[in-house]
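In my numbering, the protein residues as written are 31 to 505.
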Ligand SMILES: Cc1ncc(COP(=O)(O)O)c(C=O)c1O
């Protein structure tokens, strides 16, 4: 009996013994799962256990305990990732006439899929692109006009993937100040660990109505385990429950749910994070001369209100070496695996399972990487040049809701003939990961000009980059 291609791939990957600076937050450490019999607990709804969609026993108790820990009135366990949390948020909304919702243009794709599922139309807010990193790290709430009277909800991401956050408190205050009752929905996928004084305040503490945690990203829950928290009266609990019933499996994994229950208890052990902080500060002081490292000094600039120290974002431009080359160096020489990288940035993510030794290994790796680069070690490395993709053209006109565009008949045409057509795909340069055009929008001169002159790079969602074609909606 062979273990199969997937099994072989996994065991090959594991054998490398890499040091994880990526999800999941447990970092493969057994201590989080002590006493949990993986095979024996791979169960779903059985007599004596409980029902995820209408819990009344052990699951109800576990969810209630998680609500207590994270400061919610009610908590729902998610076993299809944070993705379903964003989707359920939109399905649960009771609409005002306009069926519109405020979303960040750079939102995670699950928010975009939530628009397709719900039929809601987006009112975009545009995040600020940080010139040093070419990434959307902040949102200037003062400059954004939220059309409170015209929307069913306001959805925001807090913190960003990179650990930066805008001033959510101000947004919540603005709603009260202007006398609106609009629900504020927060994608806190990357900040499930925001408890206690080591991290910025959680969105629940600040007063958000619905808050999503991708608990597997930084806490100890198994991959795909997440939580959706609710408080207050603005969201119908019945509708929320019904939405989750539509989206979640009818055979929820007890392994995932048991890992969520434990993750809450481990999250209260602040010492697990506290012991990392000094080493992270040390890393900053040792490598900031060679790289541009996002740090607390960035607070107050480019719409950044807080920076989470457990995310280490470095930009390799000062070194002049493309980030992928640096990633290879760190992997080969130090067994370090980051969470993500692009041409010039690398993101290293700590989790509740990270250790001070991990951080020291990363510090050493980065220091030696810098010395190697300074001594001319990267002889044949391509010079790091930034593609001119910073300018985000004016927002194209929305002709069809993302849902109508998704279900419409589409055809692929030469890109150069697409002016004025309704586009049938969502195209984003990454970085910064802000769509130039979203399905259902009308092609403009500015967007077309940008696409026609697009050089190679990482284009997300553009099927026809090589053939210079684009999907449009048939009219
Ligand atoms: C901001 C944000 N929201 C939501 C999600 C979806 O979470 P999950 O991967 O748990 O489905 C992600 C995933 O990366 C994310 O980055």
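Glycine included, each C-beta is placed from N, C-alpha and C at the ideal position.
Would you identify the three-state DSSP class for residue i, choosing helix, strand or coil?
{"i": "residue 402", "result": "helix"}
{"i": "residue 229", "result": "coil"}
{"i": "residue 293", "result": "helix"}
{"i": "residue 386", "result": "helix"}
{"i": "residue 440", "result": "strand"}
{"i": "residue 217", "result": "strand"}
{"i": "residue 92", "result": "helix"}
{"i": "residue 314", "result": "helix"}
{"i": "residue 108", "result": "strand"}
{"i": "residue 496", "result": "coil"}
{"i": "residue 302", "result": "helix"}
{"i": "residue 322", "result": "strand"}
{"i": "residue 356", "result": "helix"}
{"i": "residue 145", "result": "helix"}
{"i": "residue 433", "result": "helix"}
{"i": "residue 446", "result": "helix"}
{"i": "residue 79", "result": "coil"}
{"i": "residue 212", "result": "coil"}
From which residue to which residue does the alpha helix (DSSP H) around residue i run?
{"i": "residue 246", "result": "245-248"}
{"i": "residue 36", "result": "34-45"}
{"i": "residue 550", "result": "The question about residue 550 has no answer, for the chain in this structure spans 31 to 505."}
Which two residues bound the contiguous beta strand (DSSP E) that contains residue i?
{"i": "residue 167", "result": "165-168"}
{"i": "residue 499", "result": "499-503"}
{"i": "residue 184", "result": "183-187"}
{"i": "residue 329", "result": "Segment: none, residue 329 is in no beta strand (DSSP E) and carries neither H nor E."}
{"i": "residue 131", "result": "130-134"}
Per DSSP, residue i is paired with what?
{"i": "residue 50", "result": "367"}
{"i": "residue 158", "result": "168"}
{"i": "residue 375", "result": "345"}
{"i": "residue 489", "result": "459"}
{"i": "residue 257", "result": "107 and 243"}
{"i": "residue 336", "result": "195"}
{"i": "residue 151", "result": "130"}
{"i": "residue 471", "result": "428"}
{"i": "residue 452", "result": "472"}
Give the C-beta separation of residue i and residue j to the nearest angstrom, bearing in mind that I take them to be a contact with Cβ-Cβ under 8 angstroms.
{"i": "residue 234", "j": "residue 100", "result": "6 angstroms"}
{"i": "residue 366", "j": "residue 40", "result": "At roughly 20 angstroms, the Cβ-Cβ gap does not stay under 8 angstroms, so residue 366 and residue 40 are not in contact."}
{"i": "residue 299", "j": "residue 229", "result": "Going by Cβ atoms, the distance from residue 299 to residue 229 rounds to 14 angstroms, so no, they are not a contact pair."}
{"i": "residue 187", "j": "residue 134", "result": "6 angstroms"}
{"i": "residue 453", "j": "residue 500", "result": "6 angstroms"}
What's the gap between the Cα of residue i and the Cα of residue j?
{"i": "residue 266", "j": "residue 120", "result": "12 angstroms"}
{"i": "residue 209", "j": "residue 243", "result": "28 angstroms"}
{"i": "residue 112", "j": "residue 293", "result": "15 angstroms"}
{"i": "residue 199", "j": "residue 444", "result": "46 angstroms"}
{"i": "residue 356", "j": "residue 103", "result": "45 angstroms"}
{"i": "residue 486", "j": "residue 447", "result": "21 angstroms"}
{"i": "residue 334", "j": "residue 231", "result": "14 angstroms"}
{"i": "residue 184", "j": "residue 38", "result": "45 angstroms"}
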